[in-house]
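S.K.:
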Amino acid sequence: MVISLIGYMGCGKSHISKILSDKINFRLIDLDKEICRRNKLTIPEIFEKKGEIHFRKLEREALEEILASEENLVLSLGGGTPVYYNNMEIINNSSKSIFLRASVNTLYERLTKQKEKRPLIANISDEDLPEFIAKHLFERNVFYSKAQFSVNTDSRDPDDIVQEIIEKLYL
Numbered sequence: 559m560v561i562s563l564i565g566y567m568g569c570g571k572s573h574i575s576k577i578l579s580d581k582i583n584f585r586l587i588d589l590d591k592e593i594c595r596r597n598k599l600t601i602p603e604i605f606e607k608k609g610e611i612h613f614r615k616l617e618r619e620a621l622e623e624i625l626a627s628e629e630n631l632v633l634s635l636g637g638g639t640p641v642y643y644n645n646m647e648i649i650n651n652s653s654k655s656i657f658l659r660a661s662v663n664t665l666y667e668r669l670t671k672q673k674e675k676r677p678l679i680a681n682i683s684d685e686d687l688p689e690f691i692a693k694h695l696f697e698r699n700v701f702y703s704k705a706q707f708s709v710n711t712d713s714r715d716p717d718d719i720v721q722e723i724i725e726k727l728y729l
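For the sequence shown, our numbering begins at 559 and goes up steadily by one.
Structure follows, in structure tokens:
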């Protein structure tokens, strides 16, 4: 089984995927980290040197290769991954998809502390960030809502979130 975690940046995909993979003894791949490893560049460097369109092509290639070749895997996807090409269809056909939902307020609290690591929001003021998040969520929820399962992450203990995912997948 491959379990794909999707959701907006800051929703907890990286943290939850680590706990989940440890708990169920599955291999963990963070798609963004895998893209960085393959290209020997950080995500901000790829965006800066080659642009977002190039990054999305690299992302698609890595996604297809990983989903075609892996078993017993937790795959943490970038926030934009489900939005491009027919990635969400591929994700649902090749894995169990879990949408980690978080409110604009929760995302704002988390992302204001991580802006330098996030190329899409690095140059957005803290004052404008909530509106940017809300607009992006509205656009992306069309894709996120296609996930097979959905779990709310607002003000919840990560272990409780992982337990809910396990219950949804194995019951």
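The beta-carbon is built from N, C-alpha and C at its ideal position, and this holds for glycine as well.
(1) Could you spell out where the alpha helix (DSSP H) holding serine 572 opens and where it closes?
(2) Secondary structure at leucine 727, three-state DSSP: helix, strand or coil?
(3) Sort Leu625, Leu635 and Ala680 by Cα distance to phenylalanine 657 and report the nearest one.
(4) Whole angstroms is fine: what's the gap from isoleucine 691's alpha carbon to aspartate 684's?
(5) Give me, in chain order, the residues of the same chain whose beta-carbon lies closer than 6 Å to that of phenylalanine 584; leave out the 5 immediate sequence neighbours on both sides.
(6) Out of Arg698, Asn663, Asn699 and Ile574, which has the shortest C-alpha to C-alpha gap to lysine 686?
(7) According to DSSP, aspartate 588 sits in a beta bridge with which residue or residues?
(8) Name the one or two DSSP bridge partners that arginine 659 has.
(9) Mind reading off the beta-carbon distance from threonine 670 to leucine 589? Whole number of angstroms is fine, and I expect it under 8 Å.
M.R.: Reading off the structure:
(1) 571-582
(2) helix
(3) Leu635
(4) 11 Å
(5) Asn630, Leu631 and Val632
(6) Strictly speaking, residue 686 in this sequence is aspartate, with lysine absent from that position. The shortest Cα separation from aspartate 686 among Arg698, Asn663, Asn699 and Ile574 belongs to Asn663.
(7) Ser634
(8) Asn710
(9) Threonine 670 to leucine 589, Cβ: 24 Å. No contact.
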